[in-house]
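Here the structure comes first, spelled out in structure tokens, and everything after it is commentary.
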Amino acid sequence: MTAHIPKVRPLVLVWASLIVLTGITSAVSKIDLGEWNVVVALIIAVTKASLVAWIFMGVRYTTTLTKLFVVAGLVWLGIMLLITASDYKSRNWTYQGQPWSQTKTVGGSH
Amino acid sequence: MATIAHETPRTATPVNYLNVEHGWKSWLFTTDHKRIAVLYLVSITIMFAVGGFAAVLFRINLLTPEGLFSPEMYNRLFSLHGIIMVFFFLVPSIPATLANFLIPIMVGAKDLAFPRINLLSWYLYVIGALFAMYCVFRGGVDTGWTFYAPYSSTYSNSYVVPAVAGVFVAGFSSILTGLNFIVTVHKMRAPGMTWSRLPLFVWSNYATGLIQVLGTPVLAISLTLIALERVAHVGIFDPNIGGDPILFQHLFWFYSHPAVYIMILPGMGVISEIVSCFSRKRVFGYNFVAFSSMAIAVLSFVVWGHHMFVTGQSVYTSVAFSILSFMVAVPSAIKVFNWTATMYKGSVSFDTPMLYAFGFIGLFTIGGLTGLFLACLALDVPVHGTYFIVAHFHYVMVGGMVMAYMGGLHFWWPKMTGRMYPQVWSQISAAIIFVGFNLTFFPQFILGYLGMPRRYHAYPPEFQMLNVLSTAGSSILAVGYVIPLIYFLWSLKNGPIAGKNPWGAAGLEWQIQSPPTTYNFDDTPVVNEEAYNYGPVEEVVG
Amino acid sequence: MWDSLLLADMPLFPPTASVQAHQIDLLYFFLVAVTAVMTALIFAGVVFFAFKYHRTRNPRATQIEGSTKLELTWSILPFLVMLVMFWWGADLFFANAQPPKDAMEIFVTGKQWMWKIQYPDGGREINELHVPVGQPVKLTMASEDVIHSFYIPAFRVKHDVVPGHYDTLWFTPTKPGRYHLFCTEYCGTLHAGMIGWVDVLSRRDYDAWQSGGAGGRQGTLAELGQQQYEQHGCSTCHLLDQQGRCPNLRGLYKKPVLLADGRTVIADDAYIRESILDPNAKIVAGFEPGLMPVFKGQISEEGVIQIIAFIKSLAPAVPASQQGSQQPPIVLAPPGPGAASTSSSNASRTPVNSQRQ
Amino acid sequence: MAETVVPVTHEPTPEETHLRHHFATPEQQMDAATLGMWTFLITEVLFFGGMFAGYAVYRGMYPDAFASTSRYMNLVLGGTNTAVLICSSLTMALSVRAAQLSKRRDLILFLILTMIFGTIFLVIKGFEYHDKWVEQLVPGFNFRYDEAIQYAHNAQILFFLYFAMTGMHALHMVVGLGLLTFLLVQANRRVFHANYFAPVEMIGLYWHFVDIVWIFLFPLLYLIGQNR
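This is the structure:
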């Protein structure tokens with residue numbers, strides 16, 4: 001029976017990075033970066049999550065199939081978030097007539 | 001008919017999964033996928049009867065324009081019908097019974113990957129069903145199966161929380177079934193059973209599993225949020241604090257549109273098996289049929305917004321949903337064309353399962369094509385929320401899935417029980433179901449474009465004739481469903497012994513005894529041929 | 001043209017009574033034709049093969065390999081037909097999504113289980129809508145409780161009425177008559193009772209109906225709004241001719257308003273509605289939050305519509321430069337580019353509070 | 001950098017590897033379990049994803065109301081909890097390693113440490129909930145928002161999401177603690193060793209996943225509006 005056995009050192013290193021990143025994200029949140037605060041916070045969160053998944057959960061050492069499943073899950077989450085957001089983002093956009101046929105009279109008799 | 005090879009009854013029945021153990025404990029604690037399939041079969045039949053009974057009752061209400069029952073009663077009946085039929089019948093119907101029974105056999109395995117999780121999923125289903133029944137006995141729920149906020153979260157005076165809890169629990173049963181299928185198909189295939197040799201029934205259930213796993217949790221969380229909002233009297237869908245009720249619809253349909261394909265993909269798999277067997281011919285365009293199942297599974301997740309064209313959803317998002325909805329019709333069309341082409345130069349017989357397959361192809365075609373009306377932006381506006389929708393999805397769900405389920409049951413019944421059912425009766429009842437179905441639902445297309453909204457317990461008098469026709473059809477349909485119940489039960493004791501392969505079909509499941517032994521195969525089979533090997537290829541079409 | 005199908009007692013096809021209805025019917029017939037042809041094809045194929053290759057005639061099947069060419073044909077051809085459907089449908093949908101500028105405005109409030117209609121001249125009706133033939137009509141719709149959906153089958157128009165914001169719907173009736181009005185979003189016990197009639201009148205009949213005092217009119221919508229304005233005590237703070245403790249309402253409608261947080265919004269229907277029901281959501285620059293009572297639950301959606309009509313009717317009395325007020329100005333010129341301006345011009349599909357980006 | 005193969009001194013018996021009847025080899029059983037667990041975690045991602053979608057939509061709509069809640073969020077407790085969970089993830093990873101190396105005492109030690117960290121997290125969470133109740137910030141039960149009355153409505157959405165998301169997360173923690181107890185009992189009975197450690201690894205995956213959810217909840221709930 002074979003399995004990957006992680007060494008202690010990388011695990012501790014990941015742990016230390018996670019703690020440091022937690023400190024960084026808390027500190028950065030106090031600095032006013034405008035819209036960029038949330039971007040930085042999310043980039044750090046994604047980094048931390050990737051570290052946990054990659055090393056602690058051992059995605060790095062698993063089969064291609066498992067990696068594919070992980071990616072698929074994230075893609076589906078993305079589909080849900082993006083399409084839902086697209087509705088809210090574009091609900092207030094206005095237009096005149098159809099975007100592709102400006103000449104069409106609206107509401108004229110047929 | 002012609003090809004049934006009845007074996008002479010033996011004095012002693014060989015040991016099989018049914019008679020290997022006796023007593024209720026041997027059933028309630030079993031981990032045999034075949035026994036769990038039988039448990040599921042019994043439970044979903046009960047739920048189907050409850051949901052069908054509700055349907056007959058509210059069709060009776062609609063005999064007169066004023067409605068025969070009170071509005072409260074009517075609203076509870078149609079909600080009960082929708083919730084039970086969608087979550088407790090259609091979603092588990094083929095996957096939890098036929099596929100549960102057949103997938104391990106078809107891939108050459110002794111069981112599903114996680115037998116105990118399989119049993120757990122049945123228990124979850126039963127707990128969910130008990131919640132639903134509790135809700136009914138407390139006085140029912142009147143939100144419809146869609147649980148739209150803010151009606152369900154704030155205004156409804158019915159038992160929403162138990163109903164939602166039931167659906168939540170049943171949802172996890174569905175997730176576990178899907179998870180089991182995915183892992184089984186990936187990891188449990190017998191030597192030589194490559195992906196391109198998998199029966200199409202396995203492909204379609206694999207695709208279904210993906211949808212169950214990826215979609216159902218979103219339903220679970222949106223219903224949880226509804227229940228929380230009901231308890232706290234405030235929540236994220238509450239317009240009083242700036243919440244948007246349309247967000248609930250986004251989350252709900254993110255599951256519930258793909259769920260429509262949970263309800264039809266397994267049926268498509270059954271039809272591929274039946275058409276191939278009773279044409280004695282390999283499925284035309286195997287790769288395309290298999291691929292189209294996967295395409296449907298993926299595309300089904302990006303079309304949910306076509307349920308929301310008139311809600312005030314962004315028109316730009318609506319346009320994207322419209323074109324994507326048209327695209328998901330293509331793989332469905334591919335399947336219909338391929339089934340038809342499979343019969344070309346075949347050797348066709350009209351055994352009962354094939355009659356159901358004919359019914360499926362015809363009714364699913366109509367159901368699918370009327371779906372285009374709803375994907376089409378401008379045309380969806382008048383028909384949205386009317387009986388046109390009701391007719392459309394019943395053509396797909398009942399005309400499609402229930403036909404396939406009945407067809408599959410008639411096809412594999414001899415394998416599951418070792419007994420044959422009476423041919424003539426089964427053919428008569430198939431015909432009755434077909435006639436009753438069309439009489440029930442075709443008038444609803446006309447009613448829909450006339451403008452009759454769905455979920456109305458009373459209606460303007462000029463709609464009466466069409467409603468009476470529909471109600472008449474529903475009673476014929478009910479009779480059509482009762483007959484098989486009777487002869488199936490009869491056949492358990494009195495049916496002729498079916499033998500290993502009564503239909504002369506290809507496929508691993510027909511090479512083992514009927515009913516199979518607990519571990520299906522004495523030795524792990526080695527597969528060295530394509531699926532549907534009814535003979536070597538003799539002809540190549542242009 | 002389709003009247004032959006309108007049997008007196010048992011119609012099989014709805015009346016066609018608006019510009020939209022004619023357009024949508026054409027599309028409908030196209031799809032019905034495609035459906036019929038395709039269904040006939042499949043049925044014919046199945047039946048033909050089933051009998052031609054029945055086991056009694058063809059005891060041995062010929063095994064055939066699939067054909068990529070055929071597969072592509074029956075994937076691409078139907079998709080091209082579907083592209084036509086998509087284009088046609090989307091084109092019509094966009095044309096019908098925004099009301100024309102000259103549309104007559106009528107206000108609709110959905111409430112369990114009735115439709116309340118208000119006309120600009122102050123006429124009010126329940127479950128009855130009167131419109132003149134040939135006149136584009138825009139409905140501004142609000143819901144008091146759950147989601148409703150306003151549906152006139154004869155016009156082939158429908159739009160959900162979602163609580164929390166205004167929804168719009170428009171149509172141009174083409175044929176005088178009396179048509180059904182339905183609620184098509186399930187809204188509770190008496191959902192089926194939330195129905196009514198749309199009366200399309202000729203111009204002359206409409207004018208007669210209007211002058212006949214139909215609908216128990218007690219003044220124009222703006223006058224009713226003024227009554228509300230006084231009844232609810234708005235007039236004690238929101239003075240009309242001088243700056244009171246609260247922002248002046250005269251000339252406010254559709255003007256940019258500078259908010260306390262530095263942003264500017266347009267005072268459209270959605271903004272005014274929100275400012276009445278949830279006044280603290282957007283504080284005008286120079287004023288304190290919490291000054292105005294919350295009117296959520298105090299004023300009905302109908303009342304809000306009346307007050308908006310009243311505010312709309314208030315033309316600026318004196319040029320702003322002569323006001324000489326000590327209070328900070330509430331009505332400002334639009335800020336220059338770069339300022340955080342928020343569009344809320346499309347009131348119809350703006351969730352009430354969403355202007356705050 | 002890591003030893004990838006466990007030295008096997010003898011061919012393990014089916015009893016040792018807990019090989020179930022329907023699997024051909026322990027590898028097949030382990031592969032199936034791993035794939036099944038990851039599939040389950042994907043459903044969990046989408047389960048929480050529904051709430052994250054709600055969060056994204058409303059944060060886009062009401063950025064100021066969301067930012068206004070920052071003064072009520074206890075950054076110290078939230079940050080401490082983040083660190084506690086990260087520590088528990090480390091000890092969980094070490095538990096798996098101990099099981100793989102047949103080090104029973106280490107396994108028991110690290111499982112206990114993981115459970116201690118998990119409990120600390122829940123206790124701190126409990127204090128936070130208590131504070132929210134005292135400060136009257138529970139939507140639907142006692143909600144007052146007098147300091148920023150203009151956000152009194154929309155801020156409720158964030159607090160509702162706060163309780164729903166952290167509550168659901170805490171529920172997962174409780175389930176996780178239950179599973180760890182089960183592991184502890186099994187470990188004490190010497191069930192796990194180099195040839196059989198699948199339950200430790202699977203529950204470890206679950207525990208790490210719960211950690212990942214918190215890694216996103218922390219900045220989204222505690223760190224918004226801290227810059228004002």
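Residue numbers (our numbering), protein chains in the order written: chain G, 1 to 110; chain Z, 1 to 542; chain H, 1 to 357; chain S, 1 to 228. Just so it is clear, CB atoms sit at the ideal spot from N, CA and C, and this is done for glycine as well. Please read these numbers as outputs of a predicted model, since none were measured by experiment.
Are at least three pairs of beta-carbons, each pair with one atom in the stretch 346–361 of chain Z and one in the stretch 402–412 of chain Z, less than 8 Å apart? yes
Near Met141/H, which residues of its chain fall below 8 Å by C-beta distance, leaving aside the five closest residues on each side in sequence? By one-based count along the third sequence, residue 141/H stands at place 141. Correct list, in chain order: Phe107, Val108, Thr109, Gly110, Phe150, His159, Val161, Tyr166, Asp167, Thr168, Leu169.
CB-CB length for Gln100/S against Ile5/G, believed under 8 Å: Here residue 100/S corresponds to residue number 100 of the fourth sequence, with the count starting at 1. Here residue 5/G corresponds to residue number 5 of the first sequence, with the count starting at 1. The pair is a contact, with the Cβ atoms about 5 Å apart (cut-off 8 Å).
Beta-carbon gap between Val298/Z and Ser272/Z smaller than 8 Å: Position 298 of the second sequence, counting from 1, holds the residue named residue 298/Z. Position 272 of the second sequence, counting from 1, holds the residue named residue 272/Z. No, Cβ-Cβ distance for Val298/Z and Ser272/Z is not below 8 Å.
Best match in Trp36/G, Val8/G, Trp15/G, Asp32/G for proximity to Leu85/S [C-alpha to C-alpha]: The sequence position of residue 85/S within the fourth sequence is 85, counting from 1. Of Trp36/G, Val8/G, Trp15/G, Asp32/G, the residue nearest in Cα terms is Trp15/G.
Interface residues of chain G facing Thr39/S [CB-CB closer than 7 Å]: Position 39 of the fourth sequence holds residue 39/S. By Cβ distance, chain G contributes Phe69.
Three-state secondary structure (DSSP) of Gly110/H: As a position in the third sequence, residue 110/H is number 110, starting the count at 1. Looking at Gly110/H - three-state DSSP - the assignment turns out to be strand.
Mapping the DSSP letters down to three states, classify Trp38/S as helix, strand or coil. What you label residue 38/S is simply residue 38 of the fourth sequence in a count that begins at 1. Helix at Trp38/S.
Answer yes or no: do Ser514/Z and Ala498/Z have a C-beta to C-beta separation smaller than 8 Å? Within the second sequence, numbered from 1, the residue matching residue 514/Z stands at position 514. Within the second sequence, numbered from 1, the residue matching residue 498/Z stands at position 498. Yes, they are a contact pair.
Excluding the 5 residues flanking Thr317/Z on each side, which residues of the same chain have their C-beta closer than 8 Å to its C-beta? Residue mapping note: residue 317/Z aligns to position 317 of the second sequence, counting from 1. Gly305, listed in sequence order.
Just curious, the alpha helix (DSSP H) that Ala222/H is in, first and last residue? Taking the first residue of the third sequence as position 1, residue 222/H is located at position 222. Unbroken alpha helix (DSSP H) run through Ala222/H: 221–231.
On the three-state DSSP scale, how would you describe Asn438/Z? Indexing the second sequence from 1 puts residue 438/Z at position 438. Three-state DSSP puts Asn438/Z in a helix.
Cys277/Z - DSSP class collapsed to helix/strand/coil: Here residue 277/Z is taken as the residue at index 277 of the second sequence, counted from 1. Of the three classes helix, strand and coil, the one that applies to Cys277/Z here is helix, per DSSP.
In the DSSP assignment, what residue or residues form a beta bridge with Met465/Z? Here residue 465/Z refers to the residue found at position 465 of the second sequence. DSSP, once it has assigned bridges, lists no residue as partnering Met465/Z.
Ignoring anything shorter than 4 residues or poking outside the stretch 249–296 of chain Z, list the alpha helix (DSSP H) runs there in chain order. Runs found: 265–279.
Does any residue of chain G have a CB that is nearer than 8 Å to the CB of Ser314/Z? Locating residue 314/Z in the second sequence gives position 314, counting from the first residue. So yes, Ser314/Z belongs to the interface.
For Pro364/H, would you say it is in contact with chain S, using Cβ-to-Cβ distances shorter than 8 Å as the test? This structure gives no information on residue 364/H, because the portion of chain H shown stretches from 1 to 357.
Residue-chain proximity (Arg192/Z, chain S), Cβ-Cβ < 8 Å: Numbered from 1 along the second sequence, position 192 holds the residue referred to as residue 192/Z. Checking the sequence shown, residue 192/Z turns out to be Gly, not Arg. No, its Cβ sits nowhere closer than 8 Å to a Cβ of chain S.
What residues are listed by DSSP as bridge partners for Gly196/H? By one-based count along the third sequence, residue 196/H stands at place 196. Paired residue(s): Leu181/H.
CB contact flag (Thr16/H, Thr386/Z, <8 Å): The residue labelled residue 16/H in the question sits at position 16 within the third sequence. The residue labelled residue 386/Z in the question sits at position 386 within the second sequence. For Thr16/H and Thr386/Z, no; Cβs fall outside 8 Å.
Alpha carbons only, please: which of Gly448/Z, Gly140/Z, Tyr148/Z, Ser153/Z is nearest the one belonging to Val231/Z? The count along the second sequence starts at 1 and reaches residue 231/Z at position 231. If we check each option's Cα against that of Val231/Z, Ser153/Z comes out closest.
Assigned secondary structure, Phe237/Z (DSSP; H/G/I helix, E/B strand, else coil): Counting from 1 along the second sequence, the entry for residue 237/Z is found at position 237. Reduced to three states, the DSSP call for Phe237/Z is coil.
In three-state DSSP terms, what is Thr68/H? What you label residue 68/H is simply residue 68 of the third sequence in a count that begins at 1. Reduced to three states, the DSSP call for Thr68/H is helix.
I need the boundaries of the alpha helix (DSSP H) containing Tyr88/G, first residue and last residue. Against the first sequence, residue 88/G aligns to sequence position 88. Looking at the DSSP string, the run of the alpha helix (DSSP H) that includes Tyr88/G is 64–90.
Applying the criterion that 16 or more other CB atoms from any shown protein chain within 10 Å of the CB defines a buried residue, is Arg76/Z buried or exposed? Reading the second sequence from its first residue, position 76 is the one you call residue 76/Z. Burial call: buried.
Do we get a CB-CB distance below 8 Å when we pair Asn227/S with the residues of chain G? Counting from 1 along the fourth sequence, the entry for residue 227/S is found at position 227. Chain G, which has a Cβ nearer than 8 Å to the Cβ of Asn227/S, makes this yes.
Quick one: is Arg134/G near chain Z, going by C-beta distance under 8 Å? The structure shown does not extend to residue 134/G, since chain G spans only 1 to 110, so no value can be given for it.
Which residues does DSSP list as the beta-bridge partners of His130/H? Within the third sequence, the letter at position 130 stands for residue 130/H. The partner list for His130/H (beta bridge, DSSP) reads Asp199/H.
Chain Z contacts made by the stretch 95–115 of chain H, where a contact means CB separation under 8 Å: Asn96, Ala97, Gln112
So Ala45/G packs on Ala56/S, CB below 8 Å; how close in whole Å? For the purposes of this step, residue 45/G is identified with residue 45 of the first sequence, where counting begins at 1. For the purposes of this step, residue 56/S is identified with residue 56 of the fourth sequence, where counting begins at 1. Not quite, the Cβ-Cβ distance comes to about 14 Å (not below 8 Å), so this is no contact.
Counting only Cβ-Cβ distances shorter than 8 Å, please list the residues of the stretch 201–215 of chain Z near chain G, keeping chain order. Answer set for the stretch 201–215 of chain Z: Leu214.
Sorted by chain position, which residues of the same chain lie with C-beta nearer than 7 Å to Gly107/G's C-beta, five sequence neighbours on each side aside? Reading the first sequence from its first residue, position 107 is the one you call residue 107/G. Residue placement at Gly107/G is flagged as unreliable, the pLDDT there being 36, under the threshold of 50; the coordinate-derived value follows with that caveat. Correct list: empty, nothing qualifies.
Can you find the residues in the same chain that come closer than 7 Å, C-beta to C-beta, to Ser426/Z, ignoring five residues on each side of it along the sequence? Sequence index remark: in the second sequence, residue 426/Z carries index 426 (1-based). Excluding positions up to five away in sequence, the list reads Thr352, His410, Pro484, Tyr487.
Have a look at the DSSP bridge pairing and note the partners of Tyr196/S. Residue mapping note: residue 196/S aligns to position 196 of the fourth sequence, counting from 1. Looking at the DSSP assignment, Tyr196/S forms a beta bridge with His193/S.
Evaluate contact between the stretch 109–129 of chain H and the stretch 216–236 of chain H, counting only Cβ atoms and requiring at least three cross-stretch pairs below 8 Å. yes
Give the list of continuous beta strand (DSSP E) stretches no shorter than 3 residues that lie fully inside the stretch 184–241 of chain Z. none
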